[in-house]
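The structure under discussion appears below in the form of structure tokens.
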Amino acid sequence: MRYDSSEMNNPADHKLHPQTLAIRIQAERTQNREHAVPLYMTSSFTFEDAEQARAMFADEEPGSIYTRFSNPNTNELVEKMCMLEQAEDGLTTASGMAAVFVSLAGILKSGDHLVASRAVFGSTHQVITMLLPRWGITHTYVDTNADQQDWERAIQPNTRMIFAETPSNPGLDLVDLSMLGVLAKKHNLLLNVDNCFATPYVQQPAVFGADIITHSATKFIDGQGRALGGIIVGKKDVIRELRFFARHSGPAMSPFNAWIFSKSLETLAVRMEKHCSNAFELARWLQGNQMNHLERVRYPFLPDYPKMDLARKQMLSGGAMVCFTVKGGLERGRRFLNNLQLCSLTANLGDTRTIATHPASTTHSKLSETDRKAVGIDAGLIRISVGLEHISDIQHDIARALAASVD
């Protein structure tokens, strides 16, 4: 990667901020002297001679061989994400769920045991409970409100990894990353953290001891709902093992999508600042003005959030997601969604446009009712991915839809 500090008249003793590096880290400039990084839309790369081909396949010489393995566009994206997450190495995948699956299946083997937070994304739950058992990999779920002793009791002699999603999708439950980091080190386990909701702007799990950090780049990394992709970063020796699994199982990211995500990282900080400020303002407004319609509002930086102190310890802000439960359950929730006009109805999140989702009937519909209740997903829960529109317009649309949903 090219980073020329003299090009920016940058004193050698001045350390650039992550926001600056996310913009200035680039693939090597070609002979065409382009300012923006070009797309490398090629399936393979040529060798100068047979010896170079041999050396690259033997990992004796760095360089691109085949886009399923690496590509200048994916390499640039990985370097930026490693810098933002304070991680050592990384790889890209075709989707966020591919990243989660690779981070689990690339390490765990038959006979291994996984300890995981109970509050996880619906598809992650399916991987843990339906797919991994096919290969003899067992798991124990731990509630997000459990203390360190509860987590430690879940660890078995064959436990290999701890997996957590914080804040969780959709209920915004938090897990103490520092506590998990201590536990993982004490028991010689790998700590795997899904950081999708927070993004590296809000939280860096590696600081607390995470060995693996996964992202659905489809969400806030892209930021405009355009492309699918996943990213895994972490400790170099762990990433080496995961890269082997991904290289031979093939969930490769398109160079075009990598180019989009890398360009999007240039605006991640400014976008997340606005996403998060809008979300905080929306959460306070809902709690102060709409409680006659709502049973509860959940947002990590609200004063009555059960783990607000933990949120402020490990997060820069409360994030861009807000959840609330409408009074009247499922039918009231449906009427609310059907009366929205500005907010989009889609299962995605992390877009410039505000999105409303009903998790119980969509993203977490494959969970049993018992499993949903165990993680606080009741019939009236609404998940809001707060966008970049003017906050008063978001508030007006939600207020009007709530009023119109009254039976």
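Count the sequence shown with our numbering and you get residues 739 to 1145, in order. Positions of the beta carbon are idealized from the N, C-alpha and C atoms, including for glycine. Keep in mind that this is a model prediction, so the values were computed, not measured.
- Counting C-beta pairs closer than 8 Å gives fewer than three between the segment 1038-1053 and the segment 991-1004, which falls short of the contact rule.
- A straight-line Cα-Cα distance of about 50 Å links Pro776 and Thr1108.
- Cβ neighbours of Leu1083 within its own chain (closer than 7 Å, five residues either side excluded): Leu1075, Ala1094.
- Ile950 sits close to Asn930, with the two beta carbons spaced by under 7 Å.
- Here the alpha carbon of Ile970 sits roughly 18 Å from the alpha carbon of Gly919.
- The beta carbon of Gln757 sits closer than 7 Å to those of Ala1007, all from its chain and outside the five residues before and after it, given in chain order.
- The Cβ-Cβ distance between Ala1139 and Leu1068 does not fall below 7 Å.
- In this structure, the CA atom of Gln1028 is about 15 Å from the CA atom of Gly1118.
- As far as DSSP is concerned, Leu918 takes part in no beta bridge.
- Note that the C-beta distance between Arg806 and Ala990 is below 7 Å.
- Under the 10 Å beta carbon count, Ala774 is surrounded by fewer than 16 other beta carbons and is classified as exposed.
- The beta-carbon separation of Val816 and Val838, rounded to 17 Å, does not stay under the 8 Å limit for a contact.
- In the DSSP secondary-structure assignment, Gly963 is not bridged to any residue.
- Listed as beta-bridge partners of Met899 by DSSP are Leu852, Leu928.
- Pro938 counts as buried, since at least 16 other C-beta atoms from the protein chains shown sit within 10 angstroms of its C-beta.
- In this chain, Ala884 is not harboured by any alpha helix (DSSP H), its DSSP state being neither H nor E.
- When the beta-carbon positions are compared, Ser855 and Gly874 stay at least 7 Å from each other.
- Look at the segment 960-1003 and you find these whole runs of beta strand (DSSP E), each 3 residues long or longer: 968-972.
- As a beta-bridge residue in DSSP terms, His877 pairs with Leu852.
- Using a 10 angstroms sphere on the CB of Asp960, the tally of other CB atoms reaches 16 or more, which defines it as buried.
- For Val1124 against Asn1016, the beta-carbon gap comes to about 5 Å, under 8 Å, which counts as contact.
- According to DSSP, Ile1122 shares a beta bridge with Val1060, Ala1094.
- The beta-carbon distance between Ile1120 and His1096, rounded to whole angstroms, is 6 Å. This is short enough to meet the 8 Å contact definition.
- Around Met1053, the same chain offers Val940, Gln941 as residues with beta carbons nearer than 6 Å, after the five sequence neighbours per side are excluded.
- In this structure Ala944 touches Glu823 by the C-beta definition: roughly 6 Å separates them, less than 8 Å.
- Bridge pairing for Gly828: Val971 [DSSP].
- In this structure, Arg1050 is the residue among Glu799, Arg1050, Gln1025 with its C-alpha nearest to the C-alpha of Ser916.
- Here the alpha carbons of Ala902 and Leu1048 stand approximately 15 Å from one another.
- Looking at Glu789, Pro810, His755, Glu772, the one whose alpha-carbon comes closest to that of Ser782 is Pro810.
- In the displayed model, Val775 falls within coil according to three-state DSSP, outside both helix and strand.
- In the same chain as Pro908, and ignoring 5 residues on each side of it, the C-beta atoms closer than 8 Å to its own belong to Met1059, Cys1061, Thr1095, Pro1097, Thr1101, His1102, Ile1115, Leu1119, Arg1121, in chain order.
- Gly1026 counts as exposed, since fewer than 16 other C-beta atoms from the protein chains shown sit within 10 angstroms of its C-beta.
- The straight-line gap separating the alpha-carbon atoms of Thr768 and Ser1000 is approximately 18 Å.
- With distances taken between CA atoms, Gly1066 lies nearest to Arg1034 out of Lys1045, Glu799, Thr1090, Arg1034.
- DSSP, reduced to helix, strand and coil, places Glu799 outside both helices and strands of the structure shown, so it counts as coil.
- When only Cα atoms are considered, Thr1092 and His1128 end up about 10 Å apart.
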